[in-house]
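For reference, the structure discussed in these notes is given below.
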Amino acid sequence: MEPRDKLERLPKRLLDSPYTAGVSDPMADLSQELLEGARQLYLEFYAHTANEAGLTEWERLTGRTPAPGATLEERRQAVVAQLCAGGTANAALIESMAKALTGYDVKVTEHFSEYTFSLAFYGDEGGFIRIDAKLLRDSVELVKPAHLEFIISPITWGDLEEAELTWAGMEEQFPTWGHFELLFYCHPKTT
Numbered sequence: 008m009e010p011r012d013k014l015e016r017l018p019k020r021l022l023d024s025p026y027t028a029g030v031s032d033p034m035a036d037l038s039q040e041l042l043e044g045a046r047q048l049y050l051e052f053y054a055h056t057a058n059e060a061g062l063t064e065w066e067r068l069t070g071r072t073p074a075p076g077a078t079l080e081e082r083r084q085a086v087v088a089q090l091c092a093g094g095t096a097n098a099a100l101i102e103s104m105a106k107a108l109t110g111y112d113v114k115v116t117e118h119f120s121e122y123t124f125s126l127a128f129y130g131d132e133g134g135f136i137r138i139d140a141k142l143l144r145d146s147v148e149l150v151k152p153a154h155l156e157f158i159i160s161p162i163t164w165g166d167l168e169e170a171e172l173t174w175a176g177m178e179e180q181f182p183t184w185g186h187f188e189l190l191f192y193c194h195p196k197t198t
C-alpha cells in the first residue's frame, strides 16, 4: 500500500483538516522517497540488476575492470560471468554459465579425440539469435581446462533447412553477409 493511500483510513474530520494535509503531505512524500530508495538499494545487492554505484562495487569484489565504453548491461554480464566462473570446470558449469550470459538453454558437446568442446543453443522456438559471443568466449576461457579448445556451434546447412530459409529469404532478412555472420542458431527444445 502506498503512503498516500494510508491517509484514506483517517476519519473524515481529520482527512478534511488543513493541519492534517500540512503534516501528512510532506510525510507521504518523504515515505515515498524512502520506499523508492529501499527498492533501488535492493537491486544493488544483485549483480544482474545493479546500477553504477553497486556495479562498481561488484567489479571491485570480482577483480573486474570494465572495458572502456562498456555499457551497464555489458558490465553486469562480465560480473555475472566472473561469479559463475568458480567451481570445477565441467559441462554442467559451462552450460549454466552460458545460460546466465545468454538467456538460452545450452548443451555442451565434448569431442574428446579432438580436444574440443562446443556449445549449441536451445529455446522455446528455433531461429537465429544474436549473443555477445566475445563475452561468452572470454568467460568460458576463465574456467575451461587450458588444453581444450572452445567452439560455439556455427550455423549449418541443416540449421538453414530447419529454419526453412531460402537464399531469397536470407537476402530479405539479412541486409549483408556481415549481419548473418554475427548470428547463431537456436534450436527448438524437444520435449
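Counting from 8, one number per residue, gives the positions in the sequence shown under the working numbering.
Don't be surprised by glycine CBs; every beta carbon is placed ideally from N, CA and C.
{"Item": "Any non-hydrogen atom of the ligand SAM within 6 Å of Glu81 CB", "Value": "Absent from the structure shown: the ligand SAM. Ligands present: none."}
{"Item": "Nearest to Tyr53 (by Cα), restricted to the options Glu81, Val87, Arg71, Met34", "Value": "Val87"}
{"Item": "Buried or exposed by the 16-neighbour rule on C-beta atoms within 10 Å, applied to Val6", "Value": "Since the first and last residues shown for the chain are 8 and 198, residue 6 lies out of range."}
{"Item": "Asp36 burial status per 10 Å Cβ neighbour count (16 or more: buried)", "Value": "exposed"}
{"Item": "Stretch pair the stretch 39–47 + the stretch 13–31: three plus CB contacts closer than 8 Å", "Value": "no"}
{"Item": "Candidates His154, Arg16, Ser125, of which the one nearest Val113 by Cα", "Value": "Ser125"}
{"Item": "Alpha helix (DSSP H) runs wholly inside the stretch 54–106, at least 4 long, in chain order", "Value": "59–69, 79–91"}
{"Item": "Residues near Ile101 in its chain [Cβ-Cβ closer than 8 Å; skip 5 each side]", "Value": "Val113, Val115, Phe124, Leu126, Val147, Val150, Lys151"}
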